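Novice:
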Amino acid sequence: MAKKALLVGITGASGSIYALRFLQKLVEMDQPVEVIFSEVGKRVFEYETSVSVEEVSKLSRKTYEPSDFFSPPASGSSPYLGMVIIPCSMGTLSAIASGSSLNLIHRAADVMLKERKPLILVVRETPLNLIHLENMLKVARAGGIIYPAMPSFYAKPKTLDEVIDQFIERLVQFLFAQENPYSWERLLKEED
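So for the sequence shown, the working numbering puts the first residue at -7; every next one is plus one.
1. Should the segment -3 to 5 be called in touch with the segment 13 to 33, which here means at least 3 C-beta pairs below 8 Å?
2. So, using beta-carbon positions, are Phe37 and Val45 closer together than 8 Å?
3. For the segment 133 to 143 against the segment 105 to 122, are there 3 or more C-beta pairs whose distance is under 8 Å?
4. Quick check on the DSSP output: the alpha helix (DSSP H) that includes Phe29 runs from which residue to which?
5. From which residue to which residue does the beta strand (DSSP E) around Leu(-2) run?
6. Quick one: give me the first and last residue of the alpha helix (DSSP H) that Thr84 is part of.
7. When the Cα atoms are used, what is the spatial distance from Phe145 to Val19?
8. Quick one: grab the DSSP three-state call for Thr41.
9. Taking a contact to mean a Cβ-Cβ separation below 8 Å, would you say Val164 touches Ile138 in this structure?
10. What are the boundary residues of the beta strand (DSSP E) that includes Lys17?
11. By DSSP, does Met75 sit in helix, in strand, or in coil?
12. Could you say if the segment 75 to 83 and the segment 50 to 59 meet the contact criterion of at least three C-beta pairs nearer than 8 Å?
13. From Ser92 to Arg99, what does the alpha carbon distance come to, in whole angstroms?
14. Reducing DSSP to helix, strand and coil, say where Lys106 ends up.
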């Protein structure tokens, strides 16, 4: 039986490197993935990573236009494993929290919630205002998972790449129950 695809939404929030590394990790794991970029997400992704949307689309089984509501992610009958929006802008969070489907990312997220499939929002914003916090609470109450793009430093990263990789490993561990090479327990054992 073929593996179900994971749906990945990429919005215009800063932090596109997280999306690129996450997609690369999924390919490394032989995990099928399908991608939806928001219009601004395309521009920010190319600006921040210097990688074209066409090039990164080669990492996915299928890439959808944000206006394509006549596609599998818009339907609850499509057999996706779940969805990760990485990075997730506050505008996207707001649309999901209010049940608005202004683009395919919003609609696909709404489908995940109604079908009780995993929906992980890797939010990346600071500072947060009351509206952001209330929207996070609404999504969490609806069954979504708020997974802020917050690095940890107990692995003593020496480079930005290590900080990013550690975050992606933690996300993969959370999503797939995989072993995390940066886990606190593992690091303590290495120090002994």
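Quick reminder that beta carbons are idealized off the backbone N, C-alpha and C, glycines included.
Predicted model, so just to flag it, every value in this text is computed and none were measured.
Specialist: Taking the structure as given:
1. yes
2. yes
3. yes
4. Run containing Phe29: none in the alpha helix (DSSP H); it sits in the beta strand (DSSP E), Val25 to Phe29.
5. Leu(-2) to Ile2
6. Met82 to Ser90
7. 26 Å
8. helix
9. no
10. Run containing Lys17: none in the beta strand (DSSP E); it sits in the alpha helix (DSSP H), Ser8 to Glu20.
11. strand
12. no
13. 8 Å
14. helix
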